[in-house]
Amino acid sequence: MSIFKAYDIRGLFPQELNEELAYWIGRAFVDFLGCRSVVVGRDMRGSSSPLFASLAQGIIEQGADVIDIGLCSTPMAYYANGKLGTDAGIMITASHNPGEYNGFKLCRKGAVPISGATGIKEIEQLVNKRQLQSASTPGRVIAKPEIGDEYVRFIKSFIEQPTSYKLVFDCANAVGVYEMRVFDGAATVVPLYAELDGTFPNHEANPLKTETLAALKEKVVAEKADLGIAFDGDADRAGFVDETGQVIPMDLITALIAKDVLTKGPQTILYDLRSSRIVRETILAGGGRAVECRVGHAFIKQMMRDHDAFFAGELSGHYYFKDNYTTESSALAVVYLLNLMQKTGRKISELVKPLQKYYQSGEINSPVENMKKVLETLAARYSSGEVSDLDGLKISFPDWWFNVRGSNTEPLLRLNLEANSKDLMLAKRDELLQIIRGEIAA
0 MSIFKAYDIR
10 GLFPQELNEE
20 LAYWIGRAFV
30 DFLGCRSVVV
40 GRDMRGSSSP
50 LFASLAQGII
60 EQGADVIDIG
70 LCSTPMAYYA
80 NGKLGTDAGI
90 MITASHNPGE
100 YNGFKLCRKG
110 AVPISGATGI
120 KEIEQLVNKR
130 QLQSASTPGR
140 VIAKPEIGDE
150 YVRFIKSFIE
160 QPTSYKLVFD
170 CANAVGVYEM
180 RVFDGAATVV
190 PLYAELDGTF
200 PNHEANPLKT
210 ETLAALKEKV
220 VAEKADLGIA
230 FDGDADRAGF
240 VDETGQVIPM
250 DLITALIAKD
260 VLTKGPQTIL
270 YDLRSSRIVR
280 ETILAGGGRA
290 VECRVGHAFI
300 KQMMRDHDAF
310 FAGELSGHYY
320 FKDNYTTESS
330 ALAVVYLLNL
340 MQKTGRKISE
350 LVKPLQKYYQ
360 SGEINSPVEN
370 MKKVLETLAA
380 RYSSGEVSDL
390 DGLKISFPDW
400 WFNVRGSNTE
410 PLLRLNLEAN
420 SKDLMLAKRD
430 ELLQIIRGEI
440 AA
């Protein structure tokens, strides 16, 4: 399978992605964009430094300067790309993948993402041909490590007042340690797995998986902390645990951030179409404009620009802010939650409770051979509902809704469903799964 994916370049090091490939990717990237300056940041994986050296060599041989910002989180790299006004940016990371993987997240000027549909495929073709002319004047490598401190100060400026809150941060031995620095002096910080280690010795850096949050839940309760935060491998996603050790659903975090954003005036806020109805209701109740969007960071960032949105939240734990160049900032998501807790004087669990009025199935995957036929069957069977084809098929009724989407990478259909009662949710879930899995005819 190609390392050139829908959203990034990613593969096993060195079997699939090695230094020679990194060199050619650097050259192809500069040739494709015609850029003169590229911000490059990297995570703490053992392969990130050698990949950086080769990538940087390719970039400078093709005539562009490398702005080396060193070890950082992905939100920091996006900030650097936007703030420094460079023509492009690359973050060396494989996000939540195990330590033996690595990859590149690519951006244009202004931290606009480059996806499979907007450049990765063309870069792959240039890499495969390897027929590029070196520039007559090579670029230079310019070290700019201080941009990380600027990011920390910038995000810190959104904290409305210092708090007495105690926060536990599970950094998963990854670059979330840099996002955590925002809260030094603004709250009591309890670090967990904050030693950088690219082998992820304690647990997978993926807060979407509840089992990875076990140590955080325990620590929050033991420390009598007010909030627990878990970062993924490059800290562009975050999961949250309340003061009782309960995991807070990620769409409800979107609703809470929206609530605080809207205390300052009306804004357009995006939410991914798998989110609970309570998210839309919360945005509208706060005087905001609610826009449903499809899944995937490249699509969401483009929709944010199209709608001039202030904030967007995705069910996977990505939280996007116009203030960070329309990209993720996990630390800024935490700031908005703290500001809301401070303003209302309520615990995070008390803020979440009124939002838990609907019943969700969670995402259920089913192997499907003929996806088109299944989608047509579902569309015909439930045609009396409100139908949307924004991302897969979503059909809404007054007391329940469902969405089915195909996986980008395997023959799987993903079902998400929500209803006003648990009984209705379970009944509709079973009914839909029987159709999806071909157990009953339409």
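If you use numbering that gives the first Met the number 0, the sequence shown corresponds to residues 0 to 441, in order. Ideal placement from N, C-alpha and C gives every residue a C-beta, glycine not left out.
Item                                                                                                                                                     : Value
Go ahead and pull the three-state DSSP assignment for Pro112.                                                                                            : strand
Since Leu314 contacts Ala224 with CB under 8 Å, what's their CB separation in whole angstroms?                                                           : At roughly 25 Å, the Cβ-Cβ gap does not stay under 8 Å, so Leu314 and Ala224 are not in contact.
Counting only runs that start and end within the segment 135-162, where is the beta strand (DSSP E) found for 3 or more residues in a row?               : 140-142
Tell me whether Met424 sits in a helix, a strand or coil according to DSSP, three-state version.                                                         : helix
Return yes when the Cβ of Gly232 is within less than 7 Å of the Cβ of Ala308, no when it is not.                                                         : no
Near Ser365, which residues of its chain fall below 6 Å by C-beta distance, leaving aside the five closest residues on each side in sequence?            : Leu412, Ile435 and Arg436
Using only CA atoms, which one of Ser328, Asn205 and Ile252 lies nearest to Ala93?                                                                       : Asn205
Taking the beta carbon of Val445 as the centre, do at least 16 other beta carbons fall within 10 Å, making it buried, or is it exposed?                  : Because the chain here runs from 0 to 441, residue 445 falls outside it and cannot be looked at.
Going by beta-carbon coordinates alone, are Pro200 and Phe168 separated by less than 7 Å?                                                                : no
To test your reading of the DSSP string, which unbroken alpha helix (DSSP H) runs of 4 or more residues are found completely within the segment 213-266? : 213-222 and 249-260
Where does the unbroken beta strand (DSSP E) through Leu191 begin, and where does it stop?                                                               : Thr187 to Leu191
Are the beta-carbon atoms of Glu417 and Gln359 separated by less than 7 Å?                                                                               : yes
Spatial neighbours of Gly102 within its chain, please: C-beta separation below 6 Å, excluding the five flanking residues on both sides.                  : Asp7, Ile8, Arg9 and Ala93
Apart from the five residues on each side of it in sequence, which residues of its chain come closer than 8 Å, Cβ to Cβ, to Lys421?                      : Tyr358
By the 10 Å Cβ neighbour count, where 16 or more other Cβ atoms means buried, how is Ser156 classified, buried or exposed?                               : exposed
Checking the sheet assignment: what are the DSSP bridge partners for Pro366?                                                                             : Leu411
When the distance is taken between beta carbons, is Tyr319 closer than 7 Å to Gly81?                                                                     : no
In terms of DSSP beta bridges, what is Phe310 paired with?                                                                                               : Ile268 and Phe320
Going by C-alpha to C-alpha distance, which of Lys143, Pro410 and Lys342 sits closest to Val373?                                                         : Pro410
Considering only the beta carbon of each residue, do Phe51 and Ile91 sit closer than 7 Å?                                                                : yes
Assuming His202 and Ala171 form a contact by the criterion Cβ under 8 Å, report the distance between their Cβ atoms to the nearest whole angstrom.       : 6 Å
Quick one: residues in its chain with C-beta nearer than 6 Å to the C-beta of Phe396, no 5 flanking neighbours on either side, listed in chain order?    : Gly384
Do the CB positions of Glu86 and Gln61 come within less than 7 Å of each other?                                                                          : For the record, residue 86 in the displayed sequence is Asp; it is not Glu. No, the pair does not count as a contact, with Cβ atoms beyond the cut-off.
From Ser371 to Asp390, what distance separates their C-alpha atoms?                                                                                      : Per the sequence shown, the amino acid found at residue 371 is Lys instead of Ser. Whole-angstrom Cα-Cα distance: 14 Å.
Under 8 Å, with one C-beta from each stretch per pair, do the segment 123-139 and the segment 12-24 reach the 3-pair mark?                               : yes
Please classify Val386 as buried or exposed, where buried requires at least 16 other C-beta atoms within 10 Å of its C-beta.                             : exposed
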